[in-house]
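Numbering (our numbering), first residue to last: 17 to 468.
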């Protein structure tokens, strides 16, 4: 195939420039193995140039780039196209400044940061003055998405220099709260409100957007406010951050209670992750604010802790019940047999098996959070009781197989494999392997194997 003509390459370039970030990223990945001299080599070059350009844009606009996510994102957010239009205007009006940052030839990192701040300041002025059609379009897109968003965008750009420098220290502030790190956070906050009296919440929103876990902004707020009392924070302009965190905890508890067990073990893993997240968020709330236990937020957090433990304990009891039901036993009519024996008349009920596997995966993945969450006792009880039942069940099936009282060995093998899978989730691979070896020996036709 011949290379695309320049006219078509220009069409591709325009399409790529207007595509969302995720589409451009997918194109880059799809074309990664394309040789430069191939028919699509020119397209690959266009895509890679666009990726590099967007990376530079996102570095320069780092303080607001994570907020430009579009959709129905909660909190402070702006359309991605607003960011793209501002960048296009800057490249048109200030090409030399943009190229200077693209070359990144700054012996002193502080000079680079100053240059980035100057470009952002130019964008702010362009939005205010409407000095280029793309600036006008950027403001219009923001305002169309949400009333007042254009002013909010400009207000965010106004404190972007403070946020940029605070972001560089964010990891330190989160990992080592207190002392000098708290002092640094307080100074950054004061710098932001010195620019605009109402910049406090905006400062925290912009910092939260830089975090892998935005709810951890509570740690920075607590440092700035010196671990406030509930009453003080509730009456402040940042109370919404605490309320949003408690709403997330409620959402996690509801998600665990509403898990669809028939969707398989991945749902159990996701539920355990939500449980761990809720535990971490409860601990964060308790560590960030002085909470009374008998009223207000404090009472709500106490109830959330109890509710989380209650929902998880209920799910663990359900795991035991469904797992036992999926390995059924019955009391035979023969009066000489006084104990229950495995029911091996048909294959395991796959619906119950999947539900049990989902809940046992949930239990397995709770290991790291069980102690902190207050449900380790319930989890240990499940492991002990179900483990005891599985041992008895496997022993009974093996005995029936060895005495040749199993009508269909394929059914017995399926139940023993199910028991091994459960053992894997509650006791580990070694326990599961022992069950499988015993099953293989018991179901073998070779008398020497049976004797072992």
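We put the beta carbon where it would ideally sit given N, CA and C, even for glycine.
According to DSSP, what are the bridge partners of residue i?
i: residue 487; result: Not covered by the structure: residue 487. The range shown for the chain is 17 to 468.
i: residue 306; result: 245
Does the beta-carbon of residue i have 16 or more other beta-carbons within 10 angstroms, so that it is buried, or is it exposed?
i: residue 438; result: buried
i: residue 244; result: buried
i: residue 440; result: buried
i: residue 39; result: exposed
i: residue 409; result: buried
i: residue 358; result: buried
i: residue 221; result: buried
i: residue 140; result: buried
i: residue 446; result: exposed
i: residue 226; result: buried
i: residue 214; result: exposed
i: residue 388; result: exposed
i: residue 211; result: exposed
Does DSSP classify residue i as helix, strand or coil?
i: residue 53; result: coil
i: residue 124; result: coil
i: residue 135; result: helix
i: residue 415; result: helix
i: residue 254; result: coil
i: residue 439; result: helix
i: residue 220; result: helix
i: residue 194; result: coil
i: residue 147; result: coil
i: residue 455; result: helix
i: residue 340; result: helix
i: residue 312; result: helix
i: residue 460; result: coil
i: residue 467; result: The predicted model places residue 467 with a pLDDT of 44, which falls under 50 and marks its position as unreliable; any figure quoted below should be read in that light. DSSP places residue 467 in helix when its eight states are reduced to three.
i: residue 176; result: helix
i: residue 450; result: helix
i: residue 423; result: coil
i: residue 236; result: helix
i: residue 95; result: coil
i: residue 162; result: coil
i: residue 300; result: helix
i: residue 362; result: coil
i: residue 280; result: coil
i: residue 275; result: coil
i: residue 289; result: helix
i: residue 214; result: coil
i: residue 444; result: coil
i: residue 431; result: helix
i: residue 225; result: coil
i: residue 185; result: coil
Candidates the options: which alpha carbon is nearest residue i's?
i: residue 159; options: 97, 214, 125; result: 97
i: residue 282; options: 230, 178, 326, 376; result: 376
i: residue 267; options: 254, 21, 289; result: 289
i: residue 55; options: 81, 136, 25, 169; result: 25
i: residue 136; options: 79, 49, 36, 95; result: 79
i: residue 71; options: 422, 100, 53; result: 100
i: residue 272; options: 399, 374, 66; result: 374
i: residue 280; options: 325, 368, 361, 360; result: 368
i: residue 117; options: 108, 109, 129; result: 129
i: residue 253; options: 199, 262, 218, 31; result: 218
i: residue 178; options: 418, 201, 380, 193; result: 201
i: residue 366; options: 356, 344, 378, 382; result: 344
i: residue 450; options: 407, 213, 394; result: 407
i: residue 108; options: 257, 428, 148, 417; result: 148
i: residue 342; options: 306, 432, 228; result: 432
i: residue 133; options: 103, 145, 171, 180; result: 180
i: residue 429; options: 381, 455, 308; result: 455
i: residue 422; options: 446, 362, 385, 403; result: 362
i: residue 390; options: 327, 48, 120, 370; result: 327
i: residue 335; options: 394, 67, 262, 445; result: 394
i: residue 31; options: 427, 62, 49; result: 62
i: residue 250; options: 306, 184, 228; result: 306
i: residue 115; options: 68, 124, 93, 150; result: 68
i: residue 95; options: 190, 295, 197, 37; result: 37
i: residue 400; options: 332, 426, 425, 434; result: 332
i: residue 416; options: 360, 378, 403; result: 360
i: residue 294; options: 285, 274, 265; result: 265
i: residue 106; options: 154, 64, 85; result: 154
Does the beta-carbon of residue i, which I'm using as the reference point, lie nearer than 8 Å to any heavy atom of the ligand ZN?
i: residue 287; result: The ligand ZN is not among the ligands present in this structure, which contains no ligands whatsoever.
Residue ranges of each alpha helix (DSSP H) run of no fewer than 4 residues wholly in the region 364-403, ordered along the chain?
-> Segments of the alpha helix (DSSP H) lying fully in the region 364-403: 366-380, 383-389.
Give, in chain order, every unbroken run of the alpha helix (DSSP H) that is at least 4 residues long and sits entirely within the region 22-91.
-> 22-34, 37-46, 57-76, all fully within the region 22-91.
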